[in-house]
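From first to last, the protein sequence lines stand for chains V and P.
Take 1 as the starting number for the first sequence in this note's numbering and just add one per residue.
Take 1001 as the starting number for the second sequence in this note's numbering and just add one per residue.
Don't be surprised by glycine CBs; every beta carbon is placed ideally from N, CA and C.
Written below as structure tokens is the structure these notes are about.
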Amino acid sequence: QKEVEQNSGPLSVPEGAIASLNCTYSDRGSQSFFWYRQYSGKSPELIMSIYSNGDKEDGRFTAQLNKASQYVSLLIRDSQPSDSATYLCAVKLNRDDKIIFGKGTRLHILP
Amino acid sequence: GAVVSQHPSWVICKSGTSVKIECRSLDFQATTMFWYRQFPKQSLMLMATSNEGSKATYEQGVEKDKFLINHASLTLSTLTVTSAHPEDSSFYICSARAGRYQPQHFGDGTRLSIL
């Protein structure tokens, strides 16, 4: 099992709808979880950090964490064309110093 | 806050040249910095992890003599690609974090083209 798994997409969502991005991880002891957005040809940009079970909201973004299920998700409300990008899930492993990135989900918001 | 500056943005040079890329944390002290490489349409590949004042830890398959990393201060790390060849052409991205459980913040990346 890969350490951080995401569906590669592309995920197509109509403008104004909710985009739901999912991620699973294998290290049960992981404590820190991050979502990054990467536009084509650019470097990743941090969107959300989440450390506790439950929901964390920041503007149109909501991160959800379920440690029992080893599952973290990102919801984007009122999706805009500018949200079209690759979204990377990242997990700080318990066993060492690295953050492991998933391969990313390509999101396409349809105007 | 949490700004990471990477320089240069673009480098085009001849085969055999050595290229130095700088990564600076502008508004925080970075205990750890990371260097990644990304080929078109592929995911980030971690090359090495560097902690201030100590030797970098390289990922399997990354040649430490070819990719020299120096992390001389809490705000500066450098990556030197020695004797670069066309296959080294890629997008190199650094990131930095303030503490072990803090998120990584990325620089804007350096696009390296070796002719």
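Legend entry - Under the three-state DSSP convention, the category residue 14/V falls into: For the purposes of this step, residue 14/V is taken as residue 14 along the first sequence, with counting starting at 1. Residue 14/V: strand per DSSP, three-state reduction.
Inset, instruction - Decide if residue 28/V is buried, meaning its Cβ has at least 16 other Cβ atoms within 10 Å, or exposed. - result: For the purposes of this step, residue 28/V is taken as the residue at position 28 of the first sequence. Label assigned to residue 28/V: exposed.
Inset, instruction - With 7 Å as the C-beta to C-beta threshold (strictly closer), list the residues of the stretch 81-110 of chain V near chain P in chain order. - result: Those residues of the stretch 81-110 of chain V that come within reach of chain P (Cβ to Cβ, closer than 7 Å) are 92, 97, 98, 99, 101, 103 and 104.
Inset, instruction - Give me the Cα-Cα distance between residue 1041/P and residue 1075/P, rounded to the nearest whole angstrom. - result: Here residue 1041/P corresponds to residue number 41 of the second sequence, with the count starting at 1. Here residue 1075/P corresponds to residue number 75 of the second sequence, with the count starting at 1. Looking at the backbone, the Cα of residue 1041/P and that of residue 1075/P are separated by about 30 Å.
Inset, instruction - Tell me where the beta strand (DSSP E) around residue 22/V begins and ends. - result: Within the first sequence, the letter at position 22 stands for residue 22/V. That run of the beta strand (DSSP E) goes 19-25.
Legend entry - Any 3 or more C-beta pairs closer than 8 Å across the stretch 1005-1018 of chain P and the stretch 16-33 of chain V: Taking one beta carbon from each stretch, the stretch 1005-1018 of chain P and the stretch 16-33 of chain V have fewer than 3 pairs nearer than 8 Å; the two do not touch.
Inset, instruction - Give the residues of chain V in contact with residue 1108/P, contact being defined as C-beta atoms less than 9 Å apart. - result: Looking up residue 1108/P in the second sequence gives position 108. Going along chain V in sequence order, the residues near residue 1108/P (Cβ under 9 Å) are 42 and 43.
Legend entry - Span separating the alpha-carbon of residue 1031/P from that of residue 13/V: Indexing the second sequence from 1 puts residue 1031/P at position 31. Indexing the first sequence from 1 puts residue 13/V at position 13. Looking at the two C-alpha atoms, the distance is approximately 39 Å.
Inset, instruction - Could you work out which residue in 85/V, 69/V, 32/V and 41/V is closest to residue 106/V when comparing CA atoms only? - result: By one-based count along the first sequence, residue 106/V stands at place 106. Distances from the alpha-carbon of residue 106/V to those of 85/V, 69/V, 32/V and 41/V put 85/V closest.
Legend entry - Nearest to residue 1024/P (by Cα), restricted to the options 1091/P, 1064/P, 1088/P and 1035/P: Numbered from 1 along the second sequence, position 24 holds the residue referred to as residue 1024/P. The residue with the shortest Cα to Cα distance from residue 1024/P is 1035/P.
Inset, instruction - Spatial neighbours of residue 1051/P within its chain, please: CB distance less than 6 Å, with the 5 preceding and 5 following residues excluded, ordered by chain position. - result: As a working mapping, residue 1051/P is identified with position 51 in the second sequence. Cβ neighbours of residue 1051/P beyond the five flanking positions: 1032.
Legend entry - Which of helix, strand or coil DSSP assigns to residue 1088/P: Within the second sequence, residue 1088/P is the residue found at index 88, counting from 1. The answer is helix: DSSP assigns residue 1088/P an H, G or I state.
Legend entry - Meets three-Cβ-pair contact criterion under 8 Å: the stretch 87-104 of chain V and the stretch 28-39 of chain V: The stretch 87-104 of chain V makes contact with the stretch 28-39 of chain V; the number of CB pairs closer than 8 Å reaches 3 or more.
Inset, instruction - Could you work out which residue in 1045/P, 1018/P, 1055/P and 1029/P is closest to residue 1092/P when comparing CA atoms only? - result: Along the second sequence, one-based indexing puts residue 1092/P at 92. Cα-wise, what sits closest to residue 1092/P is 1045/P.
Inset, instruction - Determine whether the Cβ of residue 1103/P lies closer than 8 Å to any Cβ atom of chain V. - result: Here residue 1103/P refers to the residue found at position 103 when the second sequence is read from its first residue. By this cut-off, residue 1103/P is an interface position.
Legend entry - Residue-level contact to chain P via CB, residue 46/V, 8 Å cutoff: Counted from its first residue, the first sequence places residue 46/V at position 46. Yes - at least one Cβ of chain P is within 8 Å of the one on residue 46/V.
Inset, instruction - Under 7 Å between beta-carbons, which chain P residues line up against residue 32/V? List them in chain order, please. - result: If you number the first sequence from 1, residue 32/V lands on position 32. Under the 7 Å cutoff, chain P gives 1101.
Inset, instruction - Verify the contact flag: residue 1074/P, CB atom, against every heavy atom of the ligand SAM, threshold strictly below 7 Å. - result: The ligand SAM is not part of the structure shown, which contains no ligands of any sort.
Legend entry - Reduced DSSP category for residue 58/V - H, G, I as helix; E, B as strand; rest coil: In the first sequence, counting from the first residue as 1, residue 58/V sits at position 58. Secondary structure at residue 58/V: strand, using DSSP grouped into helix, strand and coil.
Legend entry - Contacts around residue 78/V, its chain only, beta-carbon distance under 7 Å, and the 5 residues preceding and following it disregarded: Position 78 of the first sequence, counted from the first residue, corresponds to residue 78/V. Take residue 78/V, set aside five residues on each side of it, and the residues of its chain with a beta-carbon closer than 7 Å to its own are 16 and 60, in chain order.
Legend entry - Contact check, residue 103/V vs residue 8/V, beta carbons under 8 Å: Along the first sequence, read from residue 1 onward, the residue named residue 103/V stands at position 103. Along the first sequence, read from residue 1 onward, the residue named residue 8/V stands at position 8. Contact flag set, yes.
Inset, instruction - Could you name the residues of chain V that residue 1049/P contacts, counting a contact when the two beta carbons are closer than 8 Å? - result: Stepping through the second sequence from its first residue, residue 1049/P is reached at position 49. Within chain V, the residues whose beta carbon sits less than 8 Å from that of residue 1049/P are 97 and 98, listed in sequence order.
Legend entry - Residue range of the unbroken beta strand (DSSP E) whose run includes residue 1098/P: Position 98 of the second sequence, counted from the start, is the residue given in the question as residue 1098/P. Element bounds for residue 1098/P: n/a, residue is neither H nor E.
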